[in-house]
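Chains as they are written, first to last, in the working numbering: chain A, 904 to 1366; chain B, 904 to 1366.
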């Protein structure tokens, strides 16, 4: 007989049928007349209740079935007498696959997230992390579905990069040089290194993504990205996942449409496909979660120039709103508190801010005719601040070279990138979405280390 | 007016409608009476033909539209007079987005793959690489669809790993130590490194994947993997993509069923969704491609123990078949030529080989009761050899520890891994598929550097 998953057993009404379920014990209550075992197999947040007549099973066996143990149960699927569940199992036979000693780190309920981070390999078996990682999976699926349905190609840009293009300051170096030998010899011989030169882990696939978009028309990357920033905050990871679509023949308005449509699709997918997990998180983690997710879908996002946003903030400050970083002069970079004020207090819905001052943004962004602003299109979200950073790219070869030179960067390092502007240049644009920021938003979790299975942060690369 | 993609224009029968198409010029033929421009936008391997009355467009403009230029064409969609196409465009107005100078590296047709590898950023605009990367996208989509439909969760295992578990010999080191300073100071101070210890790029997500499977029930990884092997061959990359599903409560037979079902789903997806690209490759690259893909689907895979396979090979050798590596004793590792002999010559269909000698396989594989063999389940394919490496995992704590010790590995390095066997251990298994090997098989390409956008190989990390 094939195993039935708990999610299927719970939704089945095939009462009276004999089935096998297998999973981990979440709780076991005993009495003289009856034992109740709550069993979970990861296929859903819900447990299936196994009802056992203690006289029908060997006493020692029954006693050894403690929280965390792995068992298989053969029994009849019956209509549940309890509330909130349709079906349960009358257990006839139990096989124990793995006992669980009493020092099981996830034994007790209600442990702190900090405690659970130490047991990153075991926390996966808890309700909260089960819910978070099923949702994370679903968000990844939503991303692939969206882009596939819209004619984008998944494009694998390299993680090991030989170009210092993005500034090596906060990059991890990748090497096969023997460091002990480097120390002993007193020399760093890059010609002996695997790639014959200094290489790093990428901080973005965008530049290579542009190569793809200006050939295949529309691409997206979705993969790990690295930043060696020594930031120990609930918002930073050294290894995180990014989504970076890039599209040929797109203008600013179309790009903002794409950003809004894409992120609404993801949130809608979560509501449609992760109902049980979201309800659990709404109850246990963040009571405003479902309301906030539905809020995103209800209205059009506000589209606002930086200048308009700056003026609103300036005015609010004059009326007495206190910001940690005061709003001073047009051209200043806005921080998360400013973004959240606009989204949460002023408009009470997501904002796509655009036409940023050119100087606070990257060299590859397309300048407006005023010479002062460029066609950035960042999406600002409640609780998160910037969730998407996007822009139309400068497609004019001469303007792009001038910008690279103006910023004191080396033109020759960008030769392959500039070739896209030299040969059949094409208007194009795209954006980047920090995947973990999306997961924070969709789960209501507070710490980015709790929405990735195994977090990499300063001094921490366990498992 | 919104742009129409070439793929949609070609399948449209809305003749007489005015549309805009945008893309890159593949060829431009001029005569007194009429100009023909073949336009491609990456959405399909097929070009749309633009027919232009030269008297209606400025002469200089028309002359500047050379191969590789990027243009937008407004015109009427009309029924094509030519063979093999349903529609073409009567061009009325042409906008030039980007000219293409005559030193465009993809100017000439029929360049060698070796030449094109040097222009990895431009080869994306050719027919062959367009086809390859659209198929690569589709294979990734097939993988996500298959696992999502079968209740697996996409599980992001870390790329930076602090465990030396997998043997650091062929791993890339990841560091933020300043190598020049290491050389100068004569000391390697790992406590100053980003993670406070030696870290590497992962060679497999399997061990972490097992943590996911024994909590969520069934997971898969799909991401970049690294191997610092100094191998300059058409089969090796330093950075490649792996798919690694892992399933709780699976036995050897179910695992082989999963492997066969999964890979057939991928091949069927290619045939269903990449028809034009496959036909192109079948014509230009490998005349047996379609036949081979269909061949995989037609029959059940052969399931064969190592011992049976070994005996077939031994017998063949005795009958005069010459192998580069002679078939000697039971227990020897089989090489690609042996695998291909079984698949291509003997059975003429894919083989799932199982019950391998324990000593040639990894420590985590489940041993059979004979003590000599273990439950490996590798899929062998025509042209490729091993395309999947799988096994049931040893779930018994004591046996696993004994195996680790027997191999001279350090038990304490595996403490978190062993916890899965200590707390509620669970029978489970899984496999790894080298994604680029699948793409080689599905495209008929010969060199693995030609099926990934930007190959990383010894001395080569361009773009």
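Even glycine gets a Cβ: it sits at the ideal position worked out from N, Cα and C.
Whether residue i touches residue j by CB criterion (9 Å)
| i | j | result |
| --- | --- | --- |
| residue 1060 (chain B) | residue 1075 (chain A) | no |
| residue 1360 (chain A) | residue 1352 (chain A) | yes |
| residue 1281 (chain B) | residue 1263 (chain B) | no |
| residue 1366 (chain A) | residue 1111 (chain B) | yes |
| residue 1350 (chain A) | residue 1016 (chain A) | yes |
| residue 1133 (chain B) | residue 1129 (chain A) | no |
| residue 1020 (chain A) | residue 1026 (chain A) | yes |
| residue 1335 (chain B) | residue 1295 (chain B) | no |
| residue 1248 (chain B) | residue 1230 (chain B) | no |
| residue 1187 (chain B) | residue 1031 (chain B) | yes |
| residue 1077 (chain B) | residue 1085 (chain B) | no |
| residue 931 (chain A) | residue 1056 (chain B) | no |
| residue 1102 (chain A) | residue 1136 (chain A) | no |
| residue 1364 (chain B) | residue 1023 (chain B) | no |
| residue 974 (chain B) | residue 928 (chain B) | yes |
| residue 1320 (chain A) | residue 1052 (chain A) | no |
| residue 1272 (chain B) | residue 1254 (chain B) | no |
Residues sharing a beta bridge with residue i, DSSP
| i | result |
| --- | --- |
| residue 1281 (chain A) | A:1256 |
| residue 1336 (chain A) | A:1146 and A:1291 |
| residue 1386 (chain B) | With chain B represented from 904 up to 1366, any question about residue 1386 (chain B) goes unanswered, as that position is not in the structure. |
| residue 894 (chain A) | Because chain A here runs from 904 to 1366, residue 894 (chain A) falls outside it and cannot be looked at. |
| residue 1057 (chain A) | A:1123 |
| residue 938 (chain A) | A:933 and A:955 |
| residue 1063 (chain A) | A:1104 |
| residue 1015 (chain A) | DSSP output for residue 1015 (chain A) lists no bridge partner at all. |
| residue 979 (chain B) | B:921 and B:993 |
| residue 1029 (chain A) | In DSSP, residue 1029 (chain A) forms no bridge with anything. |
| residue 1076 (chain B) | A:1078 and B:1103 |
| residue 1001 (chain B) | B:973 |
Supposed contact pair residue j and residue i - C-beta distance, whole angstroms, cut 8 Å
| i | j | result |
| --- | --- | --- |
| residue 946 (chain A) | residue 1054 (chain B) | 6 Å |
| residue 1297 (chain A) | residue 1268 (chain A) | 6 Å |
| residue 1184 (chain A) | residue 1034 (chain A) | 6 Å |
| residue 1213 (chain A) | residue 1252 (chain A) | Residue 1213 (chain A) to residue 1252 (chain A), Cβ: 19 Å. No contact. |
| residue 909 (chain A) | residue 951 (chain A) | 5 Å |
| residue 1173 (chain A) | residue 1038 (chain A) | 6 Å |
| residue 1142 (chain B) | residue 1062 (chain A) | 6 Å |
| residue 980 (chain B) | residue 917 (chain B) | 6 Å |
| residue 971 (chain A) | residue 1014 (chain A) | Going by Cβ atoms, the distance from residue 971 (chain A) to residue 1014 (chain A) rounds to 13 Å, so no, they are not a contact pair. |
| residue 1244 (chain A) | residue 1216 (chain A) | 7 Å |
| residue 1109 (chain A) | residue 1147 (chain A) | 5 Å |
| residue 938 (chain A) | residue 955 (chain A) | 4 Å |
| residue 1089 (chain B) | residue 1089 (chain A) | 7 Å |
| residue 983 (chain A) | residue 977 (chain A) | About 18 Å separates the two Cβ atoms, so there is no contact after all. |
Quiz prompt | Cβ contact (3+ pairs, closer than 8 Å) linking the segment 1318-1329 of chain B and the segment 990-1007 of chain A | solution = The segment 1318-1329 of chain B is in contact with the segment 990-1007 of chain A.
Quiz item: Taking Cβ-Cβ distances below 9 Å as the criterion, which residues of the segment 1353-1365 of chain B are in contact with chain A?
Solution: Within the segment 1353-1365 of chain B, the qualifying residues are 1355, 1356, 1357, 1358, 1359, 1360, 1361, 1362, 1363, 1364 and 1365.
Exercise. Scan the segment 1156-1181 of chain A for residues whose Cβ lies nearer than 8 Å to a Cβ of chain B and list them as they occur along the chain.
Key: With the criterion set as a beta carbon lying under 8 Å from some beta carbon of chain B, the segment 1156-1181 of chain A has no members that meet it.
Practice problem: Output, in sequence order along the chain, the residues in the segment 1266-1296 of chain A whose CB is closer than 8 Å to any CB in chain B. | Solution: Against chain B - using a Cβ distance shorter than 8 Å - the segment 1266-1296 of chain A contributes no residues.
Exercise. Give, in chain order, every residue of the segment 1102-1124 of chain B whose Cβ lies closer than 9 Å to some Cβ of chain A.
Key: So the list reads 1102, 1104, 1110, 1111, 1114, 1115, 1116, 1117, 1118, 1119, 1120, 1121 and 1122, given in the order they occur along the chain.
Exercise. Please list the residues of the segment 913-940 of chain B that have a C-beta atom closer than 8 Å to any C-beta atom in chain A, keeping them in chain order.
Key: Against chain A - using a Cβ distance shorter than 8 Å - the residues of the segment 913-940 of chain B are 925, 926, 927 and 928.
Self-check item: At least 3 beta-carbon pairs within less than 8 Å: the segment 1119-1127 of chain B vs the segment 1294-1314 of chain B
Solution: Not touching, per the Cβ criterion.
Self-check item: Three CB pairs or more closer than 8 Å across the segment 1191-1199 of chain B and the segment 1044-1052 of chain B
Solution: With the cut-off at 8 Å, the segment 1191-1199 of chain B and the segment 1044-1052 of chain B do not touch.
Quiz prompt | Near-chain A residues of the segment 1028-1047 of chain B - C-beta to any C-beta below 9 Å | solution = Residues passing the 9 Å Cβ filter: 1028, 1029, 1032, 1033, 1036, 1037, 1039, 1040, 1041, 1043, 1044 and 1047.
Quiz item: Can you list, in chain order, the residues of the segment 1068-1094 of chain A whose Cβ is nearer than 8 Å to any Cβ on chain B?
Solution: Contact residues of the segment 1068-1094 of chain A toward chain B are 1075, 1076, 1077, 1078, 1079, 1080, 1082, 1083, 1085, 1086, 1087, 1088, 1089, 1090 and 1091 (C-beta to C-beta distance below 8 Å).
Practice problem: Return the residues of the segment 1133-1152 of chain A that lie within a Cβ-Cβ distance of less than 9 Å from chain B, sorted by chain order. | Solution: Those would be 1133, 1141, 1142, 1144, 1151 and 1152, in chain order.
Exercise. Indicate whether the contact test is met: 3 or more Cβ pairs, each with one atom in the segment 1143-1161 of chain B and one in the segment 1102-1120 of chain A, closer than 8 Å.
Key: No, the segment 1143-1161 of chain B does not touch the segment 1102-1120 of chain A.
Quiz item: Going along the chain, which residues of the segment 972-990 of chain B sit with their C-beta nearer than 7 Å to a C-beta in chain A?
Solution: From the segment 972-990 of chain B, only 972 and 973 have a Cβ closer than 7 Å to chain A.
Practice problem: Count the C-beta pairs between the segment 1338-1345 of chain B and the segment 1281-1291 of chain B that are closer than 8 Å, then say yes if the count reaches three, no if not. | Solution: Three or more beta-carbon pairs drawn from the segment 1338-1345 of chain B and the segment 1281-1291 of chain B are found closer than 8 Å, and the two stretches are therefore classed as touching.
Quiz prompt | Within 9 Å of chain B by C-beta, residues of the segment 993-1024 of chain A in sequence order | solution = So the close ones are 1000, 1001, 1002, 1003, 1004, 1006, 1007, 1008, 1009, 1022, 1023 and 1024.
Quiz prompt | Contact list for the segment 1051-1069 of chain B against chain A, Cβ threshold 9 Å | solution = From the segment 1051-1069 of chain B, only 1051, 1054, 1055, 1056, 1057, 1058, 1059, 1060, 1061, 1062, 1063, 1064, 1065 and 1066 have a Cβ closer than 9 Å to chain A.
Quiz prompt | Residues from the segment 1324-1349 of chain A in contact with chain B, defined by Cβ distance under 8 Å | solution = Under the 8 Å Cβ criterion, the segment 1324-1349 of chain A contributes 1324, 1325, 1326, 1327, 1328, 1329 and 1330.
Quiz item: Taking Cβ-Cβ distances below 8 Å as the criterion, which residues of the segment 949-973 of chain A are in contact with chain B?
Solution: Within the segment 949-973 of chain A, the qualifying residues are 971, 972 and 973.
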